[in-house]
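Residues 475 to 1120 in the working numbering are what the first sequence spells out, letter by letter.
Heads up, the beta-carbon is just placed ideally off N, CA and C, and yes, glycines get one too.
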Amino acid sequence: MSKIKITFPDGNQKEFDRDITGKQIAEGISKGLAKEALAVEVNGEVWDLSRPIRQDATFKILKWSDDGGKDAYWHSSAHLMAEAVETLYPGAKFGIGPSIETGFYYDLDLGDHNLTKDDLQKIEEKMNELANRDVPYVREEKKWEDAVEYFKAKGDQYKLELLDEFKGQTISFYHQGNFTDLCRGPHLPSTGKIKAMKLLSVAGAYWRGNEKNKMMQRIYGVTFPTKKELDEYLFRLEEAKRRDHRKLGAELELFLLTPKVGSGLPLWLPKGTIIRESLIEFLRDEQRKRGYQSVVTPHIANLELYKTSGHYPYYKDSQFPPIQLENGEAFLLKPMNCPHHHQIYSFKPRSYRDLPIRLAEFGTVYRYEQSGEMNGLTRVRGFTQDDAHIYCAHDQLKAEIKATIELTQLVFKTFGMDVKIRLSYRDDKNTEKYGGEAGFWEQAQREIREVADEIKLDYFIALGEASFYGPKIDFMVKDALNRTWQLGTVQVDYVMPERFQLEYIGQDGQRHRPVIIHRAPFGSLERFIGILIEHFAGEFPLWLAPIQVAVLPISDVFMEYAREVYEALKDSGVRVEIDDRNEKVGYKIRDWETKKVPFMLVVGEKEKVGGLVSVRQHKKGDQGTVKREEFQTRILDIIKTRALTV
RNA sequence: GCUGAAGUAGCUCAGUGGUAGAGCAGCGGUUUCGUAAACCGCAGGUCGUGGGUUCAACUCCCACCUUCAGCUCCA
C-alpha cells in the first residue's frame, strides 16, 4: 500500500498508509484526543473524521475549541434538528441549515403549520432522543441525476432548486438515522457528541434571502458539548438583555420613544441630552484642532437639490414624501447633509490655496425606514450625523483620508470600543445601484485600500456595501445582542463633484475638480449612544455620566454641611445632586447605586468636623474619607482627561 | 414591507366570561438614622385603539396601532 506524508501543525511530519482517516490518526496520537476530535482540517479544508486522506497533506485535528470544530458541531446539530422536525412533521420541506457564529438555524416549509414555542419544546425533546441514539453521520456521493431523483421523489422543491446550480457535478449527501440531506459537510462522527441543546426562536425568513420568494420558517438553535456550557451561554444571553439600551434608556431616563411623536423619532430626556452634548463637545474640540469649520443648514431643502445630487428619485422609497407648495415648488426633509455643504463650497470661487476645506455639521436627517426596521436608537427615522465634508485636491486625498481614519480611531479608543473595519466596495454585478463612471470607482477603491494598507488597518472587504456615490471605510461595532452596526464611516466621492460641478482654481490657473471625503466618526449620535449605553451597560465614565456625584447626608442634622459640599462641587462645574430626602443612608445608597451614579459622598458628624467627605464609588463600595478639596481636585481631573476608569 | 409573538398602574408582573390585584416607584405622616430597601397611611387603571359576539368581555372574534425576534432594506 502506498504511503502519504502528513504534516502536523507543529511542523512535524509523519508517514501513513494511503486512505488513512483523521480519526485513525487521532487515535494514534491519544485516546483522549480521538474522543475530543470533532473534525479535521486537511490542506486547509474542514473534513469529516471518517473521510480517507489520499495524498500528502497538512493536517490538524479540530476540537470544540477550534472554529472549524464548532462549525461542524453546529452544522451537524442543524441536521439533527431537521431529523427531529421530519419525524414530528412528516412531509416537511427543507431550505438551508447552516451553522452561524453561535449556533445554527434551519429554514423549513411546514405548509400551513405555524411553529409555536410548544413545538420548539417538542422538537428539542425529539432531538435529545435522537442524539442519545448516537448514530453516525454518513457521507455518500451520488451522481447529480440520482440526487435530483431523490428529491423529486421526496417532493422537496427547495433542494431541487439548490441542485440546479450543481448540474453535472458529483453531489454529496449525509445521512444520520432516518434523515438524509443534500450537504457539502463536514459533520461530526455521530449524533451522540451533541449533548446539550436549546432551540431559541422561530421567525420568518425569505427563501434564498429574496423578498419576492416564499417566506419559510427559520428555527434558531444552539448546542454544546455539556449542559454547563449551554447554561452559561443562556445566562450570558440574559445578562446581555440587561444591557439593552432600550431598557436602560428608560430606566436611566436618557431618551423616550413614543408613538405619540412617531415611530423611530426619539426624544432626548435631560439626562440623555447631557451625554449627547458631551459627545458633541468632545468631537468639536477634536475637529477644531484639525482645521474643521462648523456650518449650519436647514432641515428641508428644495427637491431640485436632491435631483441634482441623484438622491431623488433613486431613494424615493426611503424618504418622507416631499412637501408640495401651491406654486409647484417641492421641499424634501433632508435625508443627508452633503448637498447643502456642496452649496456652501461653491458659493464663491475656491483656490487651491484654500484646500482642503473641511465643513462640519451635527446635521439632523430624516429617512423613511421600513416599519419593521426600527430598533430603539440604533435604527431610527430622524437622527443627527456628526457629518463633515472635506473638499480637497487629488494630491491631498490620501493624507486627508488618513487623518479622518485617525480621528475616527481616536473616537473609538476614547470609549474603549472594539471595532471591525470594513472596506465597503460596490458590487460590479449590480452597477445600476451606483452613480458615476467605473473608472472613478476603481480609482477610489484602490485609494482607500492603499491608505488602509499604508497605516496597517486590519480590515475586511465587503462587496455591495458602498454608498451610491463611492466606496467607504466603515467602522462596525456589535451591540449587546451581538448584532453588528455601522457607526463611523469615511467615504471617498468623485461623483458629487461632477454632479454639482464643484471647482477650484489650481496653481496653473485652470479649473479643477476637487475630491470629496464624507466622514462621520460617530456615524449618527443616536446609534452611537445606543451602542455606547450597551457598551458601558449604563455605567458611563465620569465625563459622560449625567449625574457624576450624589451627596448623601446621614440625617437632617448634617444637611447644612452637605449643602456646602454640594454647592462647592456644583460651582466647580461638577454635575452633582444632593439627596435631602428623609431616608436612611442605606436607602439612599441603594437608590443611587441603581441609578449608576459614579460617586456618592456620605457626610455625617465625622466629615463635618474634619472638612471631609466619605467617598463611595459605584459598584466598588466605600473608598474611605478624604478632604473635600482633595476630592474635588481629583474628580475634576478625571472629568477633564475623559478617563475611562478611575 | 414580510412572518411570528406580545401589549393590564410610572416599572416588574398576577388575573381562563360575573365588582381589576401585588411588589417597587410616587404622595402624606412618624422616625434623625454611618455604606444596597425603617414604619404607618393615601392615591394611582378607558386592561393598546376601534368594532363585533354575549344578559355580562381584561378574558371570545375581526380590524388597526405600537413593541419585540428574525427576514428584506439601510444614500
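Check                                                                                               : Outcome
Neighbourhood of V1048 by C-beta, 8 Å cutoff - its chain only, sequence neighbours within 5 removed : Q1022, V1023, Q1106, I1109, L1110 and I1113
Residue from V1077, Y789 and Y1040 with nearest C-alpha to L807                                     : Y789
Where the beta strand (DSSP E) through F647 begins and ends                                         : I645 to Q650
Assigned exposure category for I797 - 16 Cβ within 10 Å defines buried                              : exposed
Alpha-carbon spacing of Y968 relative to K701, whole angstroms                                      : 56 Å
Cβ shell of E575 (< 8 Å), same chain only, five flanking positions each side left out               : N956
Paired residues, beta bridge with Q798 - DSSP                                                       : A804
M671 - partner residues in DSSP beta bridges                                                        : T697
From Q817, K763, K488 and L999, residue whose alpha carbon lies closest to that of Q529             : K488
Top-ranked residue by Cα proximity to S478, from I527, E911, E501 and G502                          : The sequence given here places Ile at residue 478; Ser does not occur at that position. Measuring from the Cα of I478, the nearest candidate turns out to be I527.
For F578: DSSP bridge partner residues                                                              : S573 and G695
M830 versus Q817, D869 and Q691, residue with shortest Cα-Cα distance                               : The amino acid occupying residue 830 in the given sequence is Pro; Met does not appear at that position. Of the candidates Q817, D869 and Q691, the one whose C-alpha sits nearest the C-alpha of P830 is D869.
Whether Y766 touches Y978 by CB criterion (8 Å)                                                     : no
Proximity to G738 [Cα-Cα], best of R762, P660 and V854                                              : V854
Exposure label - A677; buried when at least 16 CB within 10 Å                                       : exposed
Residues sharing a beta bridge with D1096, DSSP                                                     : R1090
heavy atom of the ligand NAD below 7 Å from D545 C-beta                                             : What this structure holds is no ligand at all, so the ligand NAD is not there to describe.
Cβ-Cβ distance between L743 and E727 below 8 Å                                                      : yes
CA nearest to the CA of H1054, picked from T1068, V1076 and P1072                                   : The residue you asked about is not His; residue 1054 is Asp in the sequence shown. The candidate whose alpha carbon is nearest that of D1054 is V1076.
Buried/exposed call for F1010, threshold 16 Cβ in 10 Å                                              : buried
Continuous alpha helix (DSSP H) stretch holding G502: start and end                                 : G496 to I503
Cβ contact check for the stretch 1023 to 1035 and the stretch 893 to 903: 3 or more pairs under 8 Å : no
DSSP-derived helix/strand/coil call for S998                                                        : strand
T1068 - partner residues in DSSP beta bridges                                                       : DSSP lists no partner for T1068.
Beta-carbon gap between G565 and A552 smaller than 8 Å                                              : no
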